[in-house]
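Notes to accompany the following structure.
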Amino acid sequence: LLRETKRHYENILNEARQMSIYFSGLLQTQRSLGESFSELQRISGSSDDLIDQLVRNSQCQKTLALNGGTLL
Numbered sequence: 001l002l003r004e005t006k007r008h009y010e011n012i013l014n015e016a017r018q019m020s021i022y023f024s025g026l027l028q029t030q031r032s033l034g035e036s037f038s039e040l041q042r043i044s045g046s047s048d049d050l051i052d053q054l055v056r057n058s059q060c061q062k063t064l065a066l067n068g069g070t071l072l
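1 is the number of the first residue of the sequence shown in this note's numbering; add one for each residue after it.
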């Protein structure tokens, strides 16, 4: 019974590690997206509406990454 319980806990620990690795990658992607949206906003000569959307997307991605970092 103890060996089986230990095996189950080891499986849970392994899954938690895998989830942490995946989540870290996801946060890095969100940071990159935020920076990309910021860069597009800076170089864009488009309409004010598009620039406003790029700014909001950038802020949203950066906030998601920041809040996600708190979870890790």
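In this text, a Cβ means the ideal position worked out from N, Cα and C, and glycines have one as well.
Here the structure is a predicted model, which means the values were calculated and not measured.
Could you give the residue range of the alpha helix (DSSP H) that holds residue i?
i: Ser32; result: 2-43
Helix, strand or coil, according to DSSP, for residue i in the structure here?
i: Leu66; result: helix
i: Leu72; result: coil
i: Ser47; result: coil
Measure how close the beta-carbons of residue i and residue j come, nearest whole angstrom, since I'm counting them as under 8 Å.
i: Leu33; j: Gly68; result: Not confirmed; about 13 Å, so no contact.
i: Gln41; j: Ile51; result: 6 Å
i: Phe37; j: Leu64; result: Their Cβ separation, rounded to whole angstroms, is 12 Å, which puts Phe37 and Leu64 out of contact at 8 Å.
i: Ser20; j: Leu72; result: 7 Å
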